[in-house]
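Heads up: the structure comes next, in structure tokens.
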Amino acid sequence: MIISAKNLDLTFQTNDGPVHALKDVNLEIEKGEFVSFIGPSGCGKTTFLRCIAGLEQPTGGQISVNGMTPDEARKARAYGYVFQAAGLYPWRTIGGNIKLPLEIMGFSKAEQAERVARVMELVDLSGFEKKFPWQLSGGMQQRASIARALAFDADILLMDEPFGALDEIVRDHLNEQLLALWARTEKTIGFVTHSIPEAVYLSTKIVVMSPRPGRITDVIDSPLPRERPLDIRDSKEFIEIAHRVRDGLRAGHQGDV
Amino acid sequence: MIYIVGALILWAMGWGLNARLANGPHAKRRTVQIAVPVIFGVTILLIWELIVRGLSVPLVILPPPSMIAATFGQSLPILWADFVQTFVKGALSGFFIGGLAAFLLAIVVDRYDFLRRGLLPVGNFMAALPIVGTAPILVMWFGFDWQSKAAVVVVMVFFPILVNTVAGLRDTSDMQRDLMRTYGASYGQTLFKLRLPAAMPFIFNGLKIATTLALVGAIVAEFFGSPTLGMGFRISTSVGQLALDMVWAEIVVAALAGSFFYGAIALIEKGVTFWHPSQRT
Amino acid sequence: MFKRSILPVLAVLGVIIALWYATCIPMNAAWTIQQLERSGETMTTTEHIVDSWSQERPRLPAPHQVAAELWDTTVMKSVTSKKSLVYHGWITLSATLLGFGIGTTLGVLLAIGIVHSRTMDMSVMPWAIVSQTIPIIAIAPMIIVVLYSVGVQGLLPKAVISAYLSFFPVVVGMVKGLRSPDAMQLDLLRTYSASNAQRLWLLRLPASVPYLFASLKIGVAASLVGAIVGELPTGAVRGLGARLLAGSYYGQTVQIWSALFAAAILAAGLVILVGLIERMTLRKMGERP
Numbered sequence: 028m029i030i031s032a033k034n035l036d037l038t039f040q041t042n043d044g045p046v047h048a049l050k051d052v053n054l055e056i057e058k059g060e061f062v063s064f065i066g067p068s069g070c071g072k073t074t075f076l077r078c079i080a081g082l083e084q085p086t087g088g089q090i091s092v093n094g095m096t097p098d099e100a101r102k103a104r105a106y107g108y109v110f111q112a113a114g115l116y117p118w119r120t121i122g123g124n125i126k127l128p129l130e131i132m133g134f135s136k137a138e139q140a141e142r143v144a145r146v147m148e149l150v151d152l153s154g155f156e157k158k159f160p161w162q163l164s165g166g167m168q169q170r171a172s173i174a175r176a177l178a179f180d181a182d183i184l185l186m187d188e189p190f191g192a193l194d195e196i197v198r199d200h201l202n203e204q205l206l207a208l209w210a211r212t213e214k215t216i217g218f219v220t221h222s223i224p225e226a227v228y229l230s231t232k233i234v235v236m237s238p239r240p241g242r243i244t245d246v247i248d249s250p251l252p253r254e255r256p257l258d259i260r261d262s263k264e265f266i267e268i269a270h271r272v273r274d275g276l277r278a279g280h281q282g283d284v
Numbered sequence: 123m124i125y126i127v128g129a130l131i132l133w134a135m136g137w138g139l140n141a142r143l144a145n146g147p148h149a150k151r152r153t154v155q156i157a158v159p160v161i162f163g164v165t166i167l168l169i170w171e172l173i174v175r176g177l178s179v180p181l182v183i184l185p186p187p188s189m190i191a192a193t194f195g196q197s198l199p200i201l202w203a204d205f206v207q208t209f210v211k212g213a214l215s216g217f218f219i220g221g222l223a224a225f226l227l228a229i230v231v232d233r234y235d236f237l238r239r240g241l242l243p244v245g246n247f248m249a250a251l252p253i254v255g256t257a258p259i260l261v262m263w264f265g266f267d268w269q270s271k272a273a274v275v276v277v278m279v280f281f282p283i284l285v286n287t288v289a290g291l292r293d294t295s296d297m298q299r300d301l302m303r304t305y306g307a308s309y310g311q312t313l314f315k316l317r318l319p320a321a322m323p324f325i326f327n328g329l330k331i332a333t334t335l336a337l338v339g340a341i342v343a344e345f346f347g348s349p350t351l352g353m354g355f356r357i358s359t360s361v362g363q364l365a366l367d368m369v370w371a372e373i374v375v376a377a378l379a380g381s382f383f384y385g386a387i388a389l390i391e392k393g394v395t396f397w398h399p400s401q402r403t
Numbered sequence: 051m052f053k054r055s056i057l058p059v060l061a062v063l064g065v066i067i068a069l070w071y072a073t074c075i076p077m078n079a080a081w082t083i084q085q086l087e088r089s090g091e092t093m094t095t096t097e098h099i100v101d102s103w104s105q106e107r108p109r110l111p112a113p114h115q116v117a118a119e120l121w122d123t124t125v126m127k128s129v130t131s132k133k134s135l136v137y138h139g140w141i142t143l144s145a146t147l148l149g150f151g152i153g154t155t156l157g158v159l160l161a162i163g164i165v166h167s168r169t170m171d172m173s174v175m176p177w178a179i180v181s182q183t184i185p186i187i188a189i190a191p192m193i194i195v196v197l198y199s200v201g202v203q204g205l206l207p208k209a210v211i212s213a214y215l216s217f218f219p220v221v222v223g224m225v226k227g228l229r230s231p232d233a234m235q236l237d238l239l240r241t242y243s244a245s246n247a248q249r250l251w252l253l254r255l256p257a258s259v260p261y262l263f264a265s266l267k268i269g270v271a272a273s274l275v276g277a278i279v280g281e282l283p284t285g286a287v288r289g290l291g292a293r294l295l296a297g298s299y300y301g302q303t304v305q306i307w308s309a310l311f312a313a314a315i316l317a318a319g320l321v322i323l324v325g326l327i328e329r330m331t332l333r334k335m336g337e338r339p
């Protein structure tokens, strides 16, 4: 078991009183799984991912990553994190951006160059090393940010709606590439999204969440094979899982309507 | 009278030419964009010349440009010595000392939240004050020579650069800072790899404001006492002797020095912050 | 609120005042030591410290001396007295305000012209931008003397310098503001086939207000500097600049410092006033607080 959360609670103190972002969250993630977190905004999916990353401190319960606390795991550089926007530094080239974590972690110059070349090839960006971020399309920038997260070869990849700002055609393409990459690297991936097809297409495990308080309402283990061409989305199994996800989301919403 | 008529005709011609160029099909070309303001400037100079001659304006009120140019040409050694005294010794050294001090303090201030919250309002307040007023005090402390001028410049450029640098060091998004946290980056790594590069546009903004202030400080400080050279000294004594052609020649020097100083900083900025949207056109 | 924003400022101010007192000691003691050597007397350390904070013409007057002088020359003197800082401050302030008014009005008018005429834009705008990089204040002495020689003196020459200094920031800021409406907003008015005047009045001017206030804050501070510097070259006897100059002639350090603080208070007051008007105006125009 690589990530385990027990009775996790997190309450933010805001000017309008406390906000219960996570309540009694229990989840276990095995090595090599692709886990999606899906739910409406405010359901705590991003907050949970940030808890795993040690970017938020839970106010109750336990969480462990690789058998350590998230903070220890962060300092041990146990995971790569991909944000909603690419967030590349505009003053560095694409290659320079991917090199950034390697410089911070003290890799040798030769190793830096070798790793940058390798991950750039992995995300299909070879030849763009000398370009600056603003010279690339949004999809290419996001691919570069994935390469940046892969560069130091952590076992875990945490992705917070990485394709949310991209159009659907680019998104499909990147989803396909991400699956291929996952198959090749055998990483454990935590993936936040608000798109049902995306969650179903990518995941081995889908975690459905709902807001006020943020909690898990359903965990679905996908029966789809690991090998997934794009047209698997028209298959009966795919549609059935999508239905179940939608039902879960609707159940979480009952109080609101 | 003929001069005045000539001036009016010249104005009409210059403006007409500019109107045609500005509204013509090539208005977007670089040559036209440079030519139009140059034509405007030259027209103004010629009209100035014609009107001063036509109305026989006394030299103690307004000398014609031709005379200013002649004085400029004849007094090059004096103007150069004044330039070195005021700009190189006074303004430049003060600019570097003040800029460096402000930059280092900004990094310290940024590190400690309490300091930032205390010093930033004070610094913002100081940046709006008429700091040239400290000139008589500093002249008293540091003597008549360039050291006191540099001291005035230090005080003048300090606060704009401090305030801008502190603002710049904070101009990183949550996401950029979180990214550094996911790498477990140290304070120094975050400073050098993220916050200083991100702060550069702000720092250069402060530096550009400071270029003008540096010259103003160095010149005005000489009004409170100086050795017998320097741009401010020359201006105030020549005004006293009603030698306005010399005053204008010094003003030309001041204008050139100011523009080139600003231009040089802007050029360095272009090299350093090439990535910033404002530089990417 | 108190702990987050006021306490740090107070702490910083406290440290500044403490440093100020501390600096007084070495700055002023030298003079006393010289005097003592001449007379052969001696002083204890405590006496030295007290002495350095209470000299009549110290190199660096202590804060309480400046405060006392400020109090003495504002509250304790009648405002018409030549020794009243209120009197001198008013001389400078009136020139500042007159010049600021003139400079702002002309600046706004030129900006409107620039936005509406390509010819004016391309001819004048580069010069307006370049003028921001040069020390315009260098012409102040000349303006004073030239206007004096044609018989204009008193308030107006200083106001001319003030106007000149506030003029260019207003032009540049206002042009930016008048150009700030985006293409969609301009297209909307075109679909109504609005006239030029309507476009100016209904869209460009309201959109420029935040930019205008930003330049007004810079302009009013520049105007004050202009008025003060305008008082330097003619040997004027009235105004804060004249007080600075007279103080530096006669070595009256306490007078220099109090004039300096008066100028600072005036500047701060003007900037705060512009800020208040800005906030009121923007609130009226529906900006979220």
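Going line by line, the protein sequences match chains A, B and C. Residue numbers for the first sequence follow our numbering, beginning at 28 and rising by one. Residue numbers for the second sequence follow our numbering, beginning at 123 and rising by one. Residue numbers for the third sequence follow our numbering, beginning at 51 and rising by one. Idealized CB from N, CA, C, for every residue including glycine.
Please classify residue i: does DSSP put it in a helix, a strand, or coil?
i: arginine 168 (chain C); result: helix
i: lysine 315 (chain B); result: helix
i: alanine 48 (chain A); result: strand
i: glutamate 91 (chain C); result: coil
i: arginine 233 (chain B); result: helix
i: threonine 96 (chain C); result: helix
i: lysine 267 (chain C); result: helix
i: asparagine 42 (chain A); result: coil
i: threonine 303 (chain C); result: helix
i: leucine 37 (chain A); result: strand
i: arginine 271 (chain A); result: helix
i: glutamate 254 (chain A); result: coil
i: arginine 254 (chain C); result: helix
Note down the Cα distance separating residue i from residue j, rounded to an integer number of angstroms.
i: isoleucine 233 (chain A); j: serine 222 (chain A); result: 12 Å
i: phenylalanine 155 (chain A); j: glycine 393 (chain B); result: 22 Å
i: arginine 254 (chain C); j: proline 231 (chain C); result: 7 Å
i: phenylalanine 218 (chain C); j: glutamine 182 (chain C); result: 7 Å
i: arginine 175 (chain A); j: glycine 241 (chain A); result: 30 Å
i: phenylalanine 64 (chain A); j: threonine 244 (chain A); result: 11 Å
i: phenylalanine 266 (chain B); j: alanine 257 (chain B); result: 11 Å
i: phenylalanine 345 (chain B); j: serine 358 (chain B); result: 7 Å
i: valine 230 (chain B); j: leucine 291 (chain B); result: 11 Å
i: valine 129 (chain C); j: isoleucine 184 (chain C); result: 38 Å
i: glycine 217 (chain A); j: histidine 398 (chain B); result: 33 Å
i: proline 256 (chain A); j: arginine 198 (chain A); result: 14 Å
i: threonine 304 (chain B); j: proline 243 (chain B); result: 33 Å
i: glycine 139 (chain C); j: leucine 120 (chain C); result: 12 Å
i: asparagine 78 (chain C); j: threonine 287 (chain B); result: 35 Å
Here's a check: name, in chain order, each residue in its chain whose Cβ is nearer than 7 Å to the Cβ of residue i, leaving out the five neighbours to either side.
i: valine 49 (chain C); result: The requested residue 49 (chain C) does not occur in the structure, where chain C is confined to residues 51 to 339.
i: aspartate 293 (chain B); result: Ala320, Ala321 and Phe324
i: isoleucine 200 (chain B); result: none
i: alanine 317 (chain C); result: Ala271 and Leu274
Please work out which residues of its chain come closer than 8 Å, Cβ to Cβ, to residue i, disregarding the five sequence neighbours upstream and downstream, and give them in chain order.
i: serine 197 (chain B); result: Met368 and Ala371
i: isoleucine 278 (chain C); result: Thr142, Gly289, Leu290, Gly291, Leu294 and Ala313
Using a Cβ-Cβ cut-off of 6 Å (strictly less than) and excluding sequence neighbours within five positions of residue i, which residues of its own chain qualify?
i: leucine 143 (chain B); result: Val154 and Val158
i: lysine 211 (chain B); result: Trp268
i: threonine 333 (chain B); result: Phe383, Tyr384 and Ile387
i: valine 219 (chain A); result: Phe64, Lys72, Thr73, Leu76, Asp187 and Glu188
i: leucine 35 (chain A); result: Leu49, Val52, Pro85, Gly88 and Ile90
The segment 135-159 of chain A: which residues have C-beta closer than 7 Å to a C-beta of chain B, in chain order?
The segment 135-159 of chain A vs chain B, Cβ under 7 Å: Phe159.
Give, in chain order, every unbroken run of the beta strand (DSSP E) that is at least 3 residues long and sits entirely within the segment 77-154 of chain A.
Qualifying beta strand (DSSP E) stretches, in chain order: 87-92 and 106-109.
Only counting runs of 4 or more residues, tell me where the alpha helix (DSSP H) segments fall wholly within the segment 157-216 of chain B, in order along the chain.
Under the rule that a run must span 4 or more residues, the alpha helix (DSSP H) segments found entirely inside the segment 157-216 of chain B read 187-196 and 198-205.
As an exercise, report each continuous alpha helix (DSSP H) stretch of at least 4 residues that is fully enclosed by the segment 270-312 of chain B, in chain order.
Secondary structure remark: continuous alpha helix (DSSP H) runs of at least 4 residues inside the segment 270-312 of chain B, in chain order: 296-304 and 309-312.
Chain-ordered residues of the segment 190-218 of chain B with a beta carbon less than 9 Å from chain A:
If the cut-off is 9 Å between Cβ atoms, the segment 190-218 of chain B has nothing near chain A.
What are the residues in the segment 80-100 of chain A lying within 7 Å of chain B by C-beta distance?
If the cut-off is 7 Å between Cβ atoms, the segment 80-100 of chain A has Ala80 and Leu82 near chain B.
Mind listing, in chain order, the continuous alpha helix (DSSP H) runs of no fewer than 4 residues lying wholly within the segment 333-363 of chain B?
Entirely contained in the segment 333-363 of chain B, the alpha helix (DSSP H) runs reaching 4 residues are, in chain order, 353-362.
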